[in-house]
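Heads up: the protein sequence lines correspond to chains A and B, in order.
All residue numbers for the first sequence refer to my numbering, where the first residue is 2 and numbers rise by one.
All residue numbers for the second sequence refer to my numbering, where the first residue is 3 and numbers rise by one.
Beta carbons: idealized from backbone N, C-alpha and C, even for Gly.
Owing to the predicted nature of the structure, the values given are computational and were not obtained by experimental measurement.
Worksheet for the structure shown next.
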Amino acid sequence: MRISELFARGEFVLTAEVGPPKGFHLDHLLHEAEEFLQDVHAINVTDCQSSVMRLSSLATCKALKDKGLNSIFQLTCRDRNRIALQSDLLSAAFFGIDNMLALTGDHTVMGDTKQAKPVFDLDSVSLLHCVKTLESGVDLAGNELDGEPPKFAKGAVVSPCSDSVDVQLAKMERKVEAGAEYFQTQAVYDSEKFIRFMEKAKQFKVPVQLGVIIPKNAGMANFMNNNIAGVSIPPEIIEELKADKEKTKAGVTGVEITARIIKECKDHCQGVHIMALGWESKVPALLEQAGLKGS
Amino acid sequence: MLITQLKTADEIKSLAGSKTVIISCEGCKEVHFPAAAAGELQKDLLGSGTASKVIRTEYVCSPENLSVQTKKHMDKLNAADTIVVFSCGVGVQSVSEKFAGKPVFAGCDTLPLPGYQGVTPLEVDCDQCGECYLNSTGGICPIASCSKSLVNGQCGGCKDGKCEVDKEMECAWDRIYKRLDKLQLLDSMKYPAKLRNFAPGS
Ligand code: SF4
Ligand code: SF4
Chain A
2 MRISELFARG EFVLTAEVGP PKGFHLDHLL HEAEEFLQDV HAINVTDCQS
52 SVMRLSSLAT CKALKDKGLN SIFQLTCRDR NRIALQSDLL SAAFFGIDNM
102 LALTGDHTVM GDTKQAKPVF DLDSVSLLHC VKTLESGVDL AGNELDGEPP
152 KFAKGAVVSP CSDSVDVQLA KMERKVEAGA EYFQTQAVYD SEKFIRFMEK
202 AKQFKVPVQL GVIIPKNAGM ANFMNNNIAG VSIPPEIIEE LKADKEKTKA
252 GVTGVEITAR IIKECKDHCQ GVHIMALGWE SKVPALLEQA GLKGS
Chain B
3 MLITQLKTAD EIKSLAGSKT VIISCEGCKE VHFPAAAAGE LQKDLLGSGT
53 ASKVIRTEYV CSPENLSVQT KKHMDKLNAA DTIVVFSCGV GVQSVSEKFA
103 GKPVFAGCDT LPLPGYQGVT PLEVDCDQCG ECYLNSTGGI CPIASCSKSL
153 VNGQCGGCKD GKCEVDKEME CAWDRIYKRL DKLQLLDSMK YPAKLRNFAP
203 GS
């Protein structure tokens, strides 16, 4: 089901993200999704995240759907030109997948196949425009589609804690103009920054889901600070992760920190997006502690 | 070889301010420049009072040469509210670097032609995309300066103003935003989604 309808009904929308494997065996992913992600409204499937070659987002979305789980088809512009992107969107519609999330995508040199040609024929903004065009019954070349056109809940991303937040807001506005109906944010570790961002973003009148990543340890936090654009983890949180190594290792500290951020921000946004990065098993505890279970 | 094509008279007139100085780059061997048509249009702009001066020159792509060529016109240029440049994309960018505090607009689109290309080693570059974007980007080329040649704004990979591909490289869209902000022209970024045209010869 389209998550835009949930937002329209005023629900606080919960989503979680999974990453397909390098290989075609989905048993583990599907098992974890069924076991731990029953309480979210939809599951995002990443599209060769960080430019690392993997099983496709589309196939994984279809497999989740076959298990009765609602999915969000993430689509980047890194590997496909506008012909392939439109074709994959029609394929998604054929499978009954009706949530999509448009991303520009990381550059190919960021991943494990640096020799590949970076495509970027479209970008996040023109991809949203592309989906809207398909929904109107024609393709980007202006040719008519056969039969009823597809319909998607069209999502996009934004980085509230980016060091160039004004540039991000400008881009967000372009995405809304192009058809974005909901936003998921890059991971937030600074609630005040997020709330300040939402003060500015609310003028666009589109629902925003707070993005969170459960921090696994201080090393991971430092790594993200140095390498991941749009993420900045305050020193207090890194200290908290260092304080009790056993507790941190068991995931207890990370879940505590994340639940606290959610609680601080939830009155300022319309949902939460959890990027578990392999810690799917911690999602139920996180929802419980954040007071979101059963919502 | 490159070929420059005039933008429409309407587009150019809409960009011009009330005290516009035109820089027309002529005589470059690498570029096919529509001199006669450009001359007509420039005359129009002078006649209607929009432009106060046309500076005819050559090789504005080279910053050193540009300085020499514009030296005796600096009074007019400093007083101008807008500079419209008739040249290839490199020339427009050299002018916009030199006059970073002023709106600098392109009067032409730049397209490739088979054959020899100028090999002047320069700070700025033009990929001859055929639909020059410099007028919405503060004179900074998003095709040649952004690692993904994005035309609709910054990607999510910019960190501390640097590009995700190379920490030594400035993010083009960070520069574009800052330049437009300084010129109070941020609204020029609010265009509908642009899709590039890769059809040959279009
Ligand atoms: S946008 Fe860039 S590549 Fe295109 S014509 Fe202008 S300067 Fe050249
Ligand atoms: S970080 Fe900036 S320059 Fe690099 S690809 Fe993204 S928008 Fe382009």
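Under 8 Å between beta-carbons, which chain B residues line up against residue i? List them in chain order, please.
i: E174 of chain A; result: K192
i: Q187 of chain A; result: G158
i: S160 of chain A; result: G158
Return the Cβ separation of residue i and residue j in integer angstroms, given the expectation that the two are a contact with Cβ distance under 8 Å.
i: Q290 of chain A; j: V256 of chain A; result: 6 Å
i: L141 of chain A; j: R83 of chain A; result: 5 Å
i: A39 of chain B; j: L8 of chain B; result: 6 Å
i: S64 of chain B; j: K21 of chain B; result: No, S64 of chain B and K21 of chain B are not in contact; Cβ-Cβ is about 26 Å, not under 8 Å.
i: N100 of chain A; j: A43 of chain A; result: 6 Å
i: D80 of chain A; j: V120 of chain A; result: 6 Å
i: N223 of chain A; j: I239 of chain A; result: 7 Å
Name the chain A residues that come within less than 8 Å of residue i, Cβ to Cβ?
i: E166 of chain B; result: D107, H108, M111, A230
i: A195 of chain B; result: V126, S127, L129, H130, R175, E178, A179
i: K9 of chain B; result: Those within 8 Å of K9 of chain B in chain A number zero; the least Cβ separation is about 22 Å.
i: D176 of chain B; result: S165, V168
Is residue i near ligand 2, judged by its Cβ being under 6 Å from some heavy atom?
i: G112 of chain A; result: no
i: K150 of chain B; result: yes
i: W280 of chain A; result: no
i: A174 of chain B; result: yes
i: Q2 of chain B; result: Residue 2 of chain B is absent from the structure shown; chain B starts at 3 and stops at 204.
i: G141 of chain B; result: no
i: C165 of chain B; result: yes
i: G159 of chain B; result: yes
Can you give me the Cβ contacts of residue i inside the same chain, cut-off strictly under 7 Å, excluding the 5 residues immediately before and after it?
i: A260 of chain A; result: L287, Q290, A291
i: L59 of chain A; result: F74, D89, S92, A93
i: K150 of chain B; result: C157
i: E209 of chain B; result: An answer regarding residue 209 of chain B cannot be provided, because it is not within the stretch 3 to 204 covered by chain B.
i: K164 of chain B; result: M171, E172, C173
i: N297 of chain A; result: A question about residue 297 of chain A goes unanswered here, because the residues of chain A that appear run from 2 up to 296.
Excluding sequence positions up to five away, which residues of its chain have a Cβ less than 6 Å from the Cβ of residue i?
i: S296 of chain A; result: Confidence at S296 of chain A is low in this model, with a pLDDT of 46, below 50, so its placement is unreliable and no value can be given for it.
i: S210 of chain B; result: The requested residue 210 of chain B is not part of the displayed model; chain B covers only 3 to 204.
i: M276 of chain A; result: E18, I214
i: A283 of chain A; result: First, the residue type needs correcting, since residue 283 of chain A is Lys and not Ala in the sequence shown. Excluding positions up to five away in sequence, the list reads I215, G252, V256.
i: K133 of chain A; result: G180
i: P274 of chain A; result: In the sequence as presented, Pro is not what sits at residue 274 of chain A; that position holds His. If we look at H274 of chain A and ignore the five residues flanking it on each side, its Cβ neighbours are T16, Q185, Q210, G212.
i: H269 of chain A; result: I196, M199
Does the beta-carbon distance from residue i to residue j come in below 7 Å?
i: E149 of chain A; j: S5 of chain A; result: no
i: T77 of chain A; j: L56 of chain A; result: no
i: V158 of chain A; j: Q185 of chain A; result: yes
i: V94 of chain B; j: V86 of chain B; result: no
i: L4 of chain B; j: T112 of chain B; result: yes
i: V33 of chain B; j: C90 of chain B; result: yes
i: D191 of chain A; j: P236 of chain A; result: no
i: L86 of chain A; j: A34 of chain A; result: no
i: A11 of chain B; j: T84 of chain B; result: no
i: V167 of chain B; j: H108 of chain A; result: yes
i: G141 of chain B; j: I14 of chain B; result: no
i: T114 of chain A; j: M54 of chain A; result: yes
i: K243 of chain A; j: A219 of chain A; result: yes
i: K169 of chain B; j: A230 of chain A; result: no
Interface residues of chain B around residue i at Cβ under 7 Å?
i: P119 of chain A; result: K150
i: Q1 of chain A; result: Limits of chain A in this structure are 2 at one end and 296 at the other, which puts residue 1 of chain A out of reach.
i: S5 of chain A; result: Within 7 Å Cβ-Cβ: nothing; S5 of chain A doesn't reach chain B, min ~19 Å.
Taking 6 Å as the cut-off, does the CB of residue i come closer than this to any heavy atom belonging to ligand 1?
i: G51 of chain B; result: no
i: T10 of chain B; result: no
i: G91 of chain B; result: yes
i: L197 of chain B; result: no
i: L123 of chain A; result: no
i: L136 of chain B; result: yes
i: T112 of chain B; result: yes
i: C27 of chain B; result: no
i: D77 of chain B; result: no
Apart from the five residues just before and just after residue i, which ones in its own chain have a Cβ nearer than 8 Å to its Cβ?
i: L129 of chain A; result: A103, K155, A157, K176, A179, G180, A181
i: S138 of chain B; result: S190, M191, Y193
i: A195 of chain B; result: N154
i: I98 of chain A; result: L59, C62, K63, K66, S72, F74
i: L187 of chain B; result: P105, G140
i: N199 of chain B; result: G132, E133
i: F101 of chain B; result: L79, I85
i: P144 of chain B; result: Y135, S151, L152, V153, A174, W175, I178
i: D245 of chain A; result: T254
i: K118 of chain A; result: T109
Can you determine whether any heavy atom of ligand 3 sits closer than 6 Å to the C-beta of residue i, and answer yes or no?
i: T52 of chain B; result: With respect to ligand 3, the structure offers nothing, as its ligand set consists of ligand 1 and ligand 2.
Could you work out which residues of chain A lie near residue i, taking near to mean beta carbons separated by less than 7 Å?
i: N154 of chain B; result: D124, V126, S127, R175
Against residue i, what residues of chain A qualify as contacts under a CB-to-CB distance less than 9 Å, listed in chain order?
i: G163 of chain B; result: D164, S165
i: Y179 of chain B; result: S165, D167, V168, A171
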